Amino acid sequence: MAYTTLHLDKDGAVAQITLDRAAVRNALDETMIGELGDVTKSLGSDDSVRIVVLAGAGDVFSAGADLNWMKKVAQYSFEENVNDALVFARMMEGFYRMPKATIARVKGPCLGGGVGLVSVCDVAVASRDAKFALREILLGIAPAMISPYVLRKIGESQAHDYFLTGRTFDAERAREIGLINEVVEEELLDAEIDVWIQRFLHAGPKAIAATKELINQVSWSAIADVQDYTARTIAGLRGSPEGKEGFAAFFEKRKANWDIEG
Numbered sequence: 040m041a042y043t044t045l046h047l048d049k050d051g052a053v054a055q056i057t058l059d060r061a062a063v064r065n066a067l068d069e070t071m072i073g074e075l076g077d078v079t080k081s082l083g084s085d086d087s088v089r090i091v092v093l094a095g096a097g098d099v100f101s102a103g104a105d106l107n108w109m110k111k112v113a114q115y116s117f118e119e120n121v122n123d124a125l126v127f128a129r130m131m132e133g134f135y136r137m138p139k140a141t142i143a144r145v146k147g148p149c150l151g152g153g154v155g156l157v158s159v160c161d162v163a164v165a166s167r168d169a170k171f172a173l174r175e176i177l178l179g180i181a182p183a184m185i186s187p188y189v190l191r192k193i194g195e196s197q198a199h200d201y202f203l204t205g206r207t208f209d210a211e212r213a214r215e216i217g218l219i220n221e222v223v224e225e226e227l228l229d230a231e232i233d234v235w236i237q238r239f240l241h242a243g244p245k246a247i248a249a250t251k252e253l254i255n256q257v258s259w260s261a262i263a264d265v266q267d268y269t270a271r272t273i274a275g276l277r278g279s280p281e282g283k284e285g286f287a288a289f290f291e292k293r294k295a296n297w298d299i300e301g
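Residue numbers (my numbering): 40 to 301.
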């Protein structure tokens, strides 16, 4: 499928989605949200893809919601607004649950919904000049659909600060609070992304998918509520072809058949 608001590039086991609306600083509107939802489903079911990188074109990751789109939806009825918001919420959930390792490549401003997109990725690498803000409160609204994912990254204490003030914070602060995993100089950004790609290529692809779901199920559940689920998860993986290959490779002191160089 040809996309109008983003580019999709594949190189072996790695796919990169690049947000590309330069005129509005890669802001999200209904078209981009729809296309992100579509590409997420496509990549999620593509067995040749093991890692997905999410980037912004140019010197901006994303300025958040397109204000012209926000102006338009402000005229919608309540039910129309609910339906519009659910499209975005489902896209976010789809990206979060994608059974691939996901990496956010963050350069420049990353605002509102852009922070949400970073939060649905497994890991994020930012250039030192990146700036972050959740400015919805300053517009009289709230970061509602992105909140489940941002809260999981930064926690309630930090959310009370950055959700309620809308203040800007830098890349190093984003790393300190858990939004970002690594901060590097701009010229080292792609090299650091490659480091993470190599790390994920050592892992079993089906094990990555199962472990992502494990994290999601266990992270906010009582221990007693997930014991059966965790037992069934490990039992299924141990007996799977991938699990058997992993153990065989370990004992035979060789690489597993999925362990490839990017």
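Here a beta-carbon is modelled for each residue, glycine too, at the ideal position from N, C-alpha and C. These figures come from a predicted structure and were not determined experimentally.
With fewer than 16 other beta carbons inside 10 angstroms of its own, D233 counts as exposed. In this structure, I185 places its C-beta atom within 8 Å of the C-beta atom of V154. K192 counts as buried, since no fewer than 16 other beta carbons sit within 10 angstroms of its beta carbon.
Excluding residues up to 5 positions away in sequence, T44, A66 and M71 lie with their Cβ nearer than 7 Å to the Cβ of R60 in the same chain. Assignment of beta strand (DSSP E) within the stretch 69 to 120, counting only whole runs of 3 or more residues, yields 90 to 95 in chain order.
Beta-bridge annotation (DSSP): E300 is not paired with any residue. By the neighbour-count definition (other C-beta atoms within 10 Å, threshold 16), I262 is an exposed residue. Comparing alpha-carbon positions, the option among H241, M131 and S87 lying closest to E74 turns out to be M131. Straight-line spacing of the CA atoms in A104 and G151 works out to 7 Å. Boundaries of the beta strand (DSSP E) around P148: P148 to L150. Judged by DSSP secondary structure, S279 falls outside any beta strand (DSSP E); it is assigned neither H nor E.
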